[in-house]
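Just below is one structure, and these are the notes that go with it.
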Amino acid sequence: MKLQPLSFIKISLVFSMLVGLSAARANDAASPTLLGSWHCQGAAIIRSEEGGEALKRILSAKETAPIRDLVIAKLAGAPDQLFYGLGAQALDTRVKLLSPIISDMIEHVSYGEIHATAASAINLSLAVKLPADRQSNWNINLRRYAASLGWEVSPPLSQGLTSEWDATSQNSGFLMRYIKKDDWLLISVGSDALTQILDWSRDFNNGAVFHSPQTTDSWWSLHVKLDTLSQLFGGDAEKSLKSITLKSIGDGEYLRSRGQIQFSQAMDDSI
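Under this note's numbering, the first residue of the sequence shown is numbered 71, with each subsequent residue one higher.
So this is what it looks like as structure tokens:
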């Protein structure tokens with residue numbers, strides 16, 4: 071039974087957030103600010119757990135496969151819009167390089183965070199737990215992807231599948247950092263790509279095992295910091311909602327989803 075499409079909503083929201091933020095106007099923030107985070111248990115684990123049987127049957131139907139492939143291809147082309155503008159058409163080569171990576175994100179455990187230092191400095195950090203053969207594929211495809219963007223990859227792929235490498239864009243100032251830690255891959259991209267990934271790497275070096283604090287009670291979750299997003303776009307953070315958290319998990323035949331809203335100010339007792 072296949073469940074790959076389960077995380078389409080999660081990944082779509084992440085890419086939409088990235089594309090939208092790239093057009094936001096600058097502010098005076100000088101240190102990295104968490105804008106949002108997500109986690110997904112991965113279809114491989116979800117298939118083995120109880121609950122959500124109706125959704126599993128729908129998503130495993132043969133009619134779902136063409137939709138799944140189309141959505142993955144659209145998501146694989148989304149970063150071109152981030153780098154080159156909303157009207158950009160992704161090259162087929164880059165779509166083919168990213169499509170298996172997106173499929174792996176749906177299939178396996180992943181956790182990600184989006185940070186910002188300013189409107190033009192958006193950083194995406196990702197941790198994904200993969201088997202060895204898929205790690206090699208990511209190592210190769212991501213280097214080729216960065217090279218296709220004209221980024222300088224160091225060390226180059228010709229020197230083998232090193233466990234750490236960087237790719238730098240001279241035009242945008244973006245950096246991609248790749249680090250392999252046991253069965254986890256840590257990847258960060260942005261104009262301040264080192265901060266979070268180096269923190270995660272130090273945790274591994276100190277003996278900690280990467281984990282998401284949100285994975286015990288949900289199959290997938292999404293957390294958005296609305297106050298920092300409002301401030302980033304020039305709004306009044308004190309008058310906005312503080313954050314929204316969405317979670318889903320299997321419950322019998324269906325999914326049990328819940329949300330939590332935090333307010334920046336106490337609500338009026340008369341409401």
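All C-beta atoms, glycine included, are put in the ideal place defined by N, C-alpha and C.
Rounded C-alpha distance that separates residue i from residue j
i           : j           : result
residue 315 : residue 229 : 43 Å
residue 253 : residue 233 : 11 Å
residue 204 : residue 185 : 27 Å
residue 139 : residue 249 : 28 Å
residue 276 : residue 268 : 12 Å
residue 196 : residue 124 : 30 Å
residue 117 : residue 145 : 23 Å
residue 202 : residue 129 : 27 Å
residue 287 : residue 323 : 17 Å
residue 304 : residue 187 : 14 Å
residue 149 : residue 218 : 13 Å
residue 95  : residue 133 : Unreliable placement is indicated for residue 95, whose pLDDT of 29 sits below 50; the coordinate value is still reported in the next sentence. If I take the Cα positions, the gap works out to 42 Å.
residue 312 : residue 335 : 8 Å
residue 213 : residue 237 : 8 Å
residue 167 : residue 143 : 10 Å
residue 245 : residue 179 : 24 Å
residue 227 : residue 235 : 9 Å
residue 255 : residue 272 : 14 Å
Assumed close pair residue i, residue j - CB separation to whole angstroms, cut-off 8 Å
i           : j           : result
residue 215 : residue 164 : 6 Å
residue 194 : residue 260 : 6 Å
residue 109 : residue 318 : No, residue 109 and residue 318 are not in contact; Cβ-Cβ is about 11 Å, not under 8 Å.
residue 301 : residue 183 : The Cβ separation is near 17 Å, so there is no contact.
residue 208 : residue 171 : 6 Å
residue 120 : residue 320 : 6 Å
residue 160 : residue 147 : 3 Å
As assigned by DSSP and simplified to three states, the class of residue i
i           : result
residue 204 : helix
residue 97  : For residue 97, the pLDDT reaches just 35, beneath the cut-off of 50, and the residue's location in the model is therefore unreliable, leaving the point undetermined.
residue 119 : coil
residue 278 : coil
residue 332 : strand
residue 315 : strand
residue 233 : coil
residue 193 : strand
residue 325 : strand
residue 224 : strand
residue 131 : coil
residue 111 : coil
Residues that DSSP places opposite residue i in a beta bridge
i           : result
residue 106 : 184 and 294
residue 288 : Residue 288 pairs with nothing; no bridge assigned.
residue 198 : 180 and 255
residue 126 : Residue 126 pairs with nothing; no bridge assigned.
residue 243 : For residue 243, which the question treats as bridged, DSSP gives no partner whatsoever.
residue 304 : In the DSSP output, where bridge partners are listed per residue, residue 304 has none listed.
residue 238 : 222 and 245
residue 250 : 255
residue 260 : 245
residue 320 : 325
Item to check | Those runs of the beta strand (DSSP E) which lie wholly inside the region 137 to 175 and span at least 3 residues | outcome: none
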